[in-house]
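Written out below as C-alpha cells is the structure these notes cover.
Numbering (the UniProt record's numbering), first residue to last: 1 to 188.
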C-alpha cells in the first residue's frame, strides 16, 4: 500500500501561527503517514531577489527550529532547494514522485492559491493528477473555488475545515521592515 504524505508548500519566511495551526490540523486528522512542510526558495509568480545557499540554509534551519519550539511532528521537504529554477510545483511533484514512487503526495494549499492555480505552470494538470486539500483563507469563497476546480477537471480535491488565521509571512516581514514589532507575536 502506498504511503500518504501531505505536502504543505509555502515560503514559511517566517513560519507563523497560521502555518502551525494548519500543520497541527493535518497531523491530527489521521489521514496521512507523514506531513511535510515544503519551503520554496522562490515562487515564480512573485518578484525574485537572489539568495545564496547560506540564506537558504538559514531559512531551513529557522523553519526546523520553529517546528521544534512548537512541537510539530512534521518533516521539512527541501527538494526545491536542489532543483533548477524556476521552481514550478508541477516539476517538484514529478521529481518527488520519481524519487518516491510508492508515495501518494497530497498537496495542501490555501484557497488564495486555488484561486490563481490557472496561472501556475501546468496548474490544471496538477488538479487532474494530484489530490488537493484546500484550506480557507479570508476573502476567498473556498467552497465555490473547489466546486469550480472540480468542474474544470480536478479529480481529487476537497475543502478542509482547518483553522483560518488571518496572518501572512509577507505581513510579518513588511511590519518588521518598517520597525513595527507588533507582528512578532505571530511568529512560530
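For each residue, glycine too, the CB sits at the ideal point set by N, CA and C.
Anticipated Cβ contact below 8 Å, residue i with residue j, distance rounded
| i | j | result |
| --- | --- | --- |
| residue 175 | residue 182 | 7 Å |
| residue 149 | residue 22 | Residue 149 to residue 22, Cβ: 19 Å. No contact. |
| residue 36 | residue 17 | Residue 36 to residue 17, Cβ: 19 Å. No contact. |
| residue 107 | residue 130 | 6 Å |
Buried/exposed call for residue i, threshold 16 Cβ in 10 Å
| i | result |
| --- | --- |
| residue 61 | exposed |
| residue 137 | buried |
| residue 178 | exposed |
| residue 195 | In the structure as shown, the chain begins at 1 and stops at 188. Residue 195 is therefore absent and cannot be evaluated. |
| residue 57 | exposed |
| residue 77 | buried |
| residue 7 | buried |
| residue 101 | exposed |
| residue 68 | exposed |
| residue 41 | buried |
| residue 96 | buried |
Closest Cα partner of residue i within the set the options
| i | options | result |
| --- | --- | --- |
| residue 132 | 138, 159, 180 and 143 | 159 |
| residue 79 | 39, 13 and 5 | 39 |
| residue 188 | 130, 14 and 10 | 14 |
| residue 10 | 139, 141 and 81 | 81 |
| residue 165 | 2, 100 and 25 | 25 |
| residue 31 | 19, 3 and 146 | 3 |
| residue 34 | 139, 95 and 75 | 75 |
Spatial distance of residue i from residue j (CA atoms)
| i | j | result |
| --- | --- | --- |
| residue 109 | residue 143 | 14 Å |
| residue 154 | residue 127 | 5 Å |
| residue 59 | residue 152 | 36 Å |
| residue 156 | residue 171 | 32 Å |
| residue 146 | residue 29 | 20 Å |
| residue 12 | residue 20 | 10 Å |
| residue 1 | residue 105 | 13 Å |
| residue 140 | residue 99 | 34 Å |
Check: Does the stretch 84 to 100 touch the stretch 118 to 130, meaning 3 or more C-beta pairs lie closer than 8 Å?
Finding: yes
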